[in-house]
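A.B. asks: Sequential numbering of the sequence shown, starting at 217, is according to this note's numbering.
Glycine included, every Cβ here is placed at the ideal spot set by N, Cα and C.
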Amino acid sequence: MAIHTESAPTAVVAPPTPGRSDAELSVEGLWKVFGAKASDVARDDSMERLSVQDIKKKTGCAVAVRDVS
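1) According to DSSP, is residue 260 helix, strand or coil?
2) Pull the bridge partners of residue 278 from the DSSP assignment, please.
3) State the DSSP-derived secondary structure class of residue 243, mapped to helix, strand or coil.
4) If distances are taken between C-alpha atoms only, which option among 245, 241, 246, 250 comes closest to residue 276?
5) Among 283, 243, 242, which residue has its Cα nearest to the Cα of residue 262?
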């Protein structure tokens with residue numbers, strides 16, 4: 217019985233684009249909320265004024281990340 221293996225393709229780094237950095241990530245207003253009404257929390261502007269404890273009491277949701285930019 218013969219076993220033949222091949223090496224997996226390797227990643228190739230693309231050359232940098234002039235005027236840009238190699239990698240960039242921009243995030244504004246990121247929220248991560250857990251719970252049944254999580255999508256409602258991020259859409260409701262009134263939640264921005266509440267503490268995470270008050271959001272938990274009002275919605276039952278836990279806020280893990282809040283308005284990160």
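C.D. replies: So, to answer that:
1) Reduced to three states, the DSSP call for residue 260 is coil.
2) 250
3) coil
4) 250
5) 283
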